[in-house]
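So the sequences go chain by chain: C, U and G. As numbered in the working numbering, residues -17 to 429 make up the first sequence, in order. As numbered in the working numbering, residues 111 to 363 make up the second sequence, in order. As numbered in the working numbering, residues 2 to 483 make up the third sequence, in order. Built from N, CA and C at the ideal position, the CB exists for glycine as well.
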Amino acid sequence: MSNEKEYIEIFDNNRPLIETLCSALLNKERAKAFEQFKSTGFPKRDDEEYRRTPIDKLFAADYGMNLGRLPLQGSPADFFSCDVPNLRARQEYIINDSFYRDAAEKSPLPEGVLLGSLDQFAQTHPELVEAYYNRQAQESDSLAQFNTTFVQDGLLLYVPRDTKLSEPIQIVTLLRSNIEMLSNRRLLIIIDQNATADLLICDHSSNDKQTLSTQVTEIFLRRGAALNIVEIEETGEKNSRLAHLLVNQESDSRLNHCCITLTNGLTRNNIKVTLAGSGAEAHLGGLAICDKNQHTDNNTLVEHKASHCNSSELYKYILDEEATGVFSGRMLICPDAQQTTSCQTNRNLCLTKCARMYAQPQLEIYADDVKCSHGSTVGQLDENALFYMQQRGISKDEARHLLMFAFAGEVIEKINIEALRDRLHLLIEKRFRGELNRCKRCALCKQ
Amino acid sequence: MDNLIEIKNLHATIDGKEILKGINLSVKPGEVHAIMGPNGSGKSTLSNVLVGHPAYTVTEGEIIYKGQDLLALSPEERSHAGIFLSFQYPVEIAGVSMTNFMRAAINAKREAQGLPAMSAGDFLKLMRDKRALVNLDSKLANRSVNEGFSGGEKKRNEIFQMAMLEPTLSILDETDSGLDIDALRIVAEGVNKLKRPDTSTLVITHYQRLLDYIKPDIVHVLYNGRIVKTAGPELALELEERGYDWIKNPQAE
Amino acid sequence: MKKKSNNIFRKIADKAYEYGFVSNIKTEIIDKGLNEDVIRLISSKKNEPQWMLEFRLQAYRHWLTLETPQWAHLDIPPIDYQAISYYADPTKKSKDKQNKEIDPELMKTFEKLGIPLEERLALSGTAVDAVMDSVSVKTTFKEELKEKGIIFCSMSEAIQEYPDLVRKYLGTVVNYRDNFFAALNSAVFSDGSFVYIPAGVRCPMELSTYFRINAANTGQFERTLIVADDNSYVSYLEGCTAPMRDENQLHAAIVEIVVCENAEVKYSTVQNWYPGDAEGKGGVYNFVTKRGDCRGNNSKLSWTQVETGSAITWKYPSCILRGDNSQGEFYSVAVTNNYQQADTGTKMIHLGRNTRSTIISKGISAGKSQNSYRGLVRVSKNADGARNYSQCDSLLLGDKCGAHTFPYMDIHNDNAVIEHEATTSKISEEQLFYCNQRGIGTEEAIGLIVNGYAKEVLNKLPMEFAIEAQKLLSVSLEGAVG
Chain C
-17 MSNEKEYIEI
-7 FDNNRPLIET
3 LCSALLNKER
13 AKAFEQFKST
23 GFPKRDDEEY
33 RRTPIDKLFA
43 ADYGMNLGRL
53 PLQGSPADFF
63 SCDVPNLRAR
73 QEYIINDSFY
83 RDAAEKSPLP
93 EGVLLGSLDQ
103 FAQTHPELVE
113 AYYNRQAQES
123 DSLAQFNTTF
133 VQDGLLLYVP
143 RDTKLSEPIQ
153 IVTLLRSNIE
163 MLSNRRLLII
173 IDQNATADLL
183 ICDHSSNDKQ
193 TLSTQVTEIF
203 LRRGAALNIV
213 EIEETGEKNS
223 RLAHLLVNQE
233 SDSRLNHCCI
243 TLTNGLTRNN
253 IKVTLAGSGA
263 EAHLGGLAIC
273 DKNQHTDNNT
283 LVEHKASHCN
293 SSELYKYILD
303 EEATGVFSGR
313 MLICPDAQQT
323 TSCQTNRNLC
333 LTKCARMYAQ
343 PQLEIYADDV
353 KCSHGSTVGQ
363 LDENALFYMQ
373 QRGISKDEAR
383 HLLMFAFAGE
393 VIEKINIEAL
403 RDRLHLLIEK
413 RFRGELNRCK
423 RCALCKQ
Chain U
111 MDNLIEIKNL
121 HATIDGKEIL
131 KGINLSVKPG
141 EVHAIMGPNG
151 SGKSTLSNVL
161 VGHPAYTVTE
171 GEIIYKGQDL
181 LALSPEERSH
191 AGIFLSFQYP
201 VEIAGVSMTN
211 FMRAAINAKR
221 EAQGLPAMSA
231 GDFLKLMRDK
241 RALVNLDSKL
251 ANRSVNEGFS
261 GGEKKRNEIF
271 QMAMLEPTLS
281 ILDETDSGLD
291 IDALRIVAEG
301 VNKLKRPDTS
311 TLVITHYQRL
321 LDYIKPDIVH
331 VLYNGRIVKT
341 AGPELALELE
351 ERGYDWIKNP
361 QAE
Chain G
2 MKKKSNNIFR
12 KIADKAYEYG
22 FVSNIKTEII
32 DKGLNEDVIR
42 LISSKKNEPQ
52 WMLEFRLQAY
62 RHWLTLETPQ
72 WAHLDIPPID
82 YQAISYYADP
92 TKKSKDKQNK
102 EIDPELMKTF
112 EKLGIPLEER
122 LALSGTAVDA
132 VMDSVSVKTT
142 FKEELKEKGI
152 IFCSMSEAIQ
162 EYPDLVRKYL
172 GTVVNYRDNF
182 FAALNSAVFS
192 DGSFVYIPAG
202 VRCPMELSTY
212 FRINAANTGQ
222 FERTLIVADD
232 NSYVSYLEGC
242 TAPMRDENQL
252 HAAIVEIVVC
262 ENAEVKYSTV
272 QNWYPGDAEG
282 KGGVYNFVTK
292 RGDCRGNNSK
302 LSWTQVETGS
312 AITWKYPSCI
322 LRGDNSQGEF
332 YSVAVTNNYQ
342 QADTGTKMIH
352 LGRNTRSTII
362 SKGISAGKSQ
372 NSYRGLVRVS
382 KNADGARNYS
392 QCDSLLLGDK
402 CGAHTFPYMD
412 IHNDNAVIEH
422 EATTSKISEE
432 QLFYCNQRGI
442 GTEEAIGLIV
452 NGYAKEVLNK
462 LPMEFAIEAQ
472 KLLSVSLEGA
482 VG
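In structure tokens form, the structure reads like this:
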């Protein structure tokens, strides 16, 4: 039996259970998505977009799904400690696939700001959620439909007009289970006109069971809105993540997104940014530090639909041992998107013979008054620089660290949440020194 | 007095090609030696072999430095032992700031000497003091190593690092190349100020002009992988006047 | 008073596709359609040995199992492969007479194309194999080359005269199973050139093949095989034109190149098949598989192409860098105007140690055309020290066209250094105005700027070809800016 059939059956058999525990609004979209998923199934091997990251195989394992929404015992603080200490941020948790309501005392949010369970808000603020939920995801691929089919909760953030959030919001997504588990979570982020927010999303796992998560994040930036968003993935070898980040930007809005993959099993990030209004700006960054059999695939599409927009992309990979990196970056400049500037850079370091990098930038341009460029390189640490440092007394391993750190640093420098930058430097240094997910063999972790 | 460094019958190859064909050279503490010679005679190979560049293979001979076998040491161990090379072409290292780079170098050396790491305050003060020595702009210290430096700035930066690391044996590989007369003076003055009675210098150069500022005790002529002539400072002047042809064709005398 | 620029414009406009004439030559054309009998007929007309027929039939049977490739950024209308005639022979008349003389009309055709077939008139230092429709018309300087042991003749002749050589190499670089069009070509190929440069020989002149489609409703399926033995060198040129016809013509060629130890092959193409008219009617479908195998250590293969013609181009001249220290180069200028579509680029497959490749691609799109660069750089696990540099630039003239870049990089080695850069821009108003102010009309200024933009590639062409290519660039862009 093919894997999608199995999930179609699971859904058919559990539909009443899924739907009774969830708001009507989510169920409405669920019905549409299920029909779509039923007709397409999972992306196949011959699907060009998923050529380097086989999907159907991932779903073959026998996962448990918490469709009955059983609560977990204990609080997140019992099994989680943040690797970015002393960050002044408001912390919220998503445990597996549900928003976690903690008892901790928090400073009140500015008036009108909504932050909490998506499913709950779908019941209390149906008109808001209806206007945005699944608007972008319904146009996306079959994995997004899969998520919509099974998703029961997640997080909603709404920042009303002209409101500027003064402190960053940190959302910790925690994977915790005693069995192999599949969880599907959803984030809906709406930044209204001229509002701003800083968001940090951290993925963690706290057990060694094999897990698979699907995550769909839909972001709407209304006119003049600004969002800084940093995602940090720090899970384990047995955790796979299939994520969609879908952003719709109105005129003069500004997005800064950075996705940092530190430790993981298999990761696929589908990032689609639509610059729908003129003067919008999107800056995407990505850093993947991979060893063992880690597999990181960032697939980006930046669609320039309006004039005078500006986009940039900087993706860097450091691949050690038998890690695989995949980068596919598509820039699509539509006929009306005159006066576009867009540049994409992809730089990769392969540290061993068994590490593999697949890079596939794509420029598709239908407007003539544009400045577009992309560059991609695969290489190693500069031997001359290593020797120069050794001559100055720095050991070869330390010199390697310095160079790798410098290589990674370029991505971190682009993050414009200052408090976070220093801490990320620290985190990456820890990663290089093997203090995160320690491994004895590889060059990344060698002291 | 004991030699600081003694090179005996040194043969070295790169890509299987023999460049050094039996070098013999001894330097005593406090001495300044100049090594001159036409292009391709092996001057840069000698300096690279002294600091252990991996592209070069020593096929024969030995180097005794401070009484120990230098060839057995890794490049960084040679650095910790006090050997400093001012590179002919200093490499640019994107993303690594001068400050971080120097701190790593200083602390690596201190660790090798069994000393604790330098405090941030002391380190920054040291940077400031030494920078003044070669008129290095404080802006440069915040930039990445050699990145975007002009030719003269790179060479001044080399001498600045020399000041920071306080070597026992400094090798200046064509430090004068690409410098105008003012930059040359600044660099040379920097070198002279750093000179102590127990430190030695190997000045590798093509021309006399650097030697106007850094006075050598002994001048060697390197030709075709061997030292073919050794004399006092007057030899440099003679080479300046007569060129290298008379060395290449001794029978023409 | 008329402005000077207008005169230039007129001149250029008048020149538009000057090779569009049809020659009135008695041509033997076999019936339309494709089946095993047609293949047997082609083979028997060419008096081929049994193994050659088997080769064709095997390819045909495989072709039947394939579908037209859809992955390119092209809109290819369905092609009725039964509506094409697979063999057209313009030399029929002369053959009937048992006479070696060439039809004077045929001679005139090639003279009009600027390709004199009489050796005394020939371009200095170039030997030519002229192919019209399915048949090689004449190969010049054959005897002179033979003295050095160089074989330069039509493929049909090579199958008769040098069967062992042909059998040894044919299909070893491009297997009939390679792709849809390669299978089709292997089944029905008619003629083409065969070149063999023996060990240690530097070919003293440029070898050149001139391809011409004349007959209506025919396809051209030529096959070229170049073998450069150890320590040899050859520079090979290829030119193509076709008459203006309303119907689309199919051209599906294969070029195979074998480069042995220390040998070097330069392959230059100026492709000027009929691109169709300004409304997108007619034109040649150019679906070509070109590949070289750098088998020997220190071997080198260099592709240079100037692509201005064809309604649709689907072409990726590639290098398999098998030998240690082997080198591959790809220099390309691709111009599309009106409704032309091009999806072209290269593949550099690094297998040996210290292999190097360079890719310079310059795309120019105008009118309503779509121009794509598609290229693959693959470094296998054992290709230590592999280096690649790719640069793909696109220039857009007008706002109805598209310029696309699809580089693929598959790197399986930790000490490869791979660099790819791409830019897309338009001709700057400032540059045009500057030229205008100096009295240069807009059309001519565009020609100048485009030629400057493409110079890096044009410089790689042999002299005569380079001049021809420059003119061609200007002509192809006629009417691009209105």
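Residue j beta carbon less than 7 Å from that of residue i
i, j, result
"C:Ala270", "C:Thr282", "no"
"G:Asn392", "G:Glu430", "Per the sequence shown, residue 392 of chain G should be read as Gln rather than Asn. Going by C-beta atoms, G:Gln392 is not nearer than 7 Å to G:Glu430."
"G:Ile447", "C:Val360", "no"
"U:Ile117", "U:Ile193", "no"
"C:Leu139", "C:Ile161", "no"
"G:Phe56", "G:Phe182", "no"
"C:Glu285", "C:Leu314", "yes"
"C:Ala341", "C:Ser355", "no"
CA nearest to the CA of residue i, picked from the options
i, options, result
"U:Glu187", "C:Phe414, C:Cys272, C:Gln372 and C:Lys412", "C:Gln372"
"G:Val336", "G:Glu479, G:Ala264 and G:Val202", "G:Glu479"
"U:Ala293", "U:Ser248, U:Gly258, U:Leu243 and U:Pro326", "U:Leu243"
"G:Tyr170", "G:Ser191, G:Asp278 and G:Cys261", "G:Cys261"
"C:Ala119", "C:Arg168, C:Glu109 and C:Thr323", "C:Arg168"
"C:Ala390", "C:Ile399, C:Leu363 and C:Thr199", "C:Leu363"
"C:Thr2", "C:Thr245, C:Gln326 and C:Val133", "C:Val133"
"C:Glu11", "C:Ser(-16), C:Tyr115, C:Leu345 and C:Glu87", "C:Tyr115"
"U:Ala214", "U:Pro200, U:Val201 and U:Ser229", "U:Ser229"
"U:Lys249", "U:Ser207, U:Ile314 and U:Gly353", "U:Ser207"
"U:Pro226", "U:Gly342, U:Ile216 and U:Leu304", "U:Ile216"
"G:Ile313", "G:Asn372, G:Ser333, G:Val266 and G:Ser358", "G:Asn372"
"U:Asn113", "U:Glu348, U:Val255, U:Gly300 and U:Leu279", "U:Leu279"
"U:Ile324", "U:Ile337, U:Ile145, U:Ile129 and U:Ala251", "U:Ile145"
"C:Tyr(-11)", "C:Ala6, C:Thr35, C:Gly46 and C:Leu8", "C:Gly46"
"C:Leu69", "C:Asn129, C:Ser235, C:Asp180 and C:Asn275", "C:Asp180"
"U:Gly261", "U:Asp283, U:Arg253, U:Gly288 and U:Met272", "U:Gly288"
"C:Leu296", "C:Ala305, C:Asp302, C:Arg312 and C:Ile183", "C:Arg312"
Chain C contact residues for residue i, given Cβ-Cβ distances below 8 Å
i, result
"G:Asp325", "Those do not exist, as G:Asp325 stays about 17 Å from chain C at its closest Cβ, beyond 8 Å."
Within chain C, partners of residue i - CB distance below 7 Å
i, result
"U:Leu195", "Gln373"
"U:Gly205", "Ala388, Phe389, Gly391 and Glu392"
"U:His163", "Phe369"
"U:Ala214", "Ile376, Glu380 and Leu384"
DSSP beta-bridge partners of residue i
i, result
"G:Lys33", "G:Ser86"
"U:Val364", "The structure shown does not extend to residue 364 of chain U, since chain U spans only 111 to 363, so no value can be given for it."
Cβ-heavy atom distance, residue i to the ligand PLP, below 6 Å
i, result
"G:Phe195", "Ligands displayed in this structure: none; no statement on the ligand PLP is therefore possible."
Residues that residue i contacts on chain C, provided the C-beta gap is smaller than 9 Å
i, result
"U:Glu186", "Met371, Gln372, Gln373, Arg374, Gly375, Ile376, Ser377, Lys378, Glu380 and Ala381"
Closer than 8 Å at the beta carbon, the chain G residues around residue i
i, result
"C:Leu333", "Asp415"
Beta-carbon neighbours of residue i, restricted to chain G and to distances below 9 Å
i, result
"C:Glu346", "His74, Ser373, Gly403, Ala404, His405, Thr406 and Phe407"
Chain-ordered neighbours of residue i on chain G, where CB pairs are closer than 7 Å
i, result
"C:Gln362", "Asp415 and Asn416"
Beta-carbon neighbours of residue i, restricted to chain U and to distances below 7 Å
i, result
"C:Asn366", "Val201"
Of the residues that make up the stretch 240 to 259 of chain U, which ones have a beta carbon closer than 9 Å to any beta carbon in chain C? Within the stretch 240 to 259 of chain U, the qualifying residues are Ser254, Val255 and Asn256.
Mind listing which residues of the stretch 349 to 360 of chain C have their C-beta closer than 8 Å to chain G's C-betas, in chain order? So the close ones are Ala349, Asp350, Asp351, Val352, Lys353, Cys354, Ser355, His356, Gly357, Ser358, Thr359 and Val360.
Taking beta-carbon pairs under 9 Å, can you tell me which members of the stretch 278 to 296 of chain C lie near chain G? Listed in sequence order: no entries.
Just by C-beta distance, which residues in the stretch 114 to 129 of chain C are closer than 8 Å to chain G? Among the residues of the stretch 114 to 129 of chain C, none has a Cβ less than 8 Å away from any Cβ of chain G.
Near-chain C residues of the stretch 117 to 144 of chain U (beta-carbon distance less than 8 Å), N- to C-terminal order: Here the close residues number zero.
When you check each C-beta in the stretch 268 to 281 of chain U against every C-beta of chain C, which residues fall closer than 8 Å? Contact annotation: in the stretch 268 to 281 of chain U, residues whose CB is within less than 8 Å of a CB in chain C are Gln271 and Leu275.
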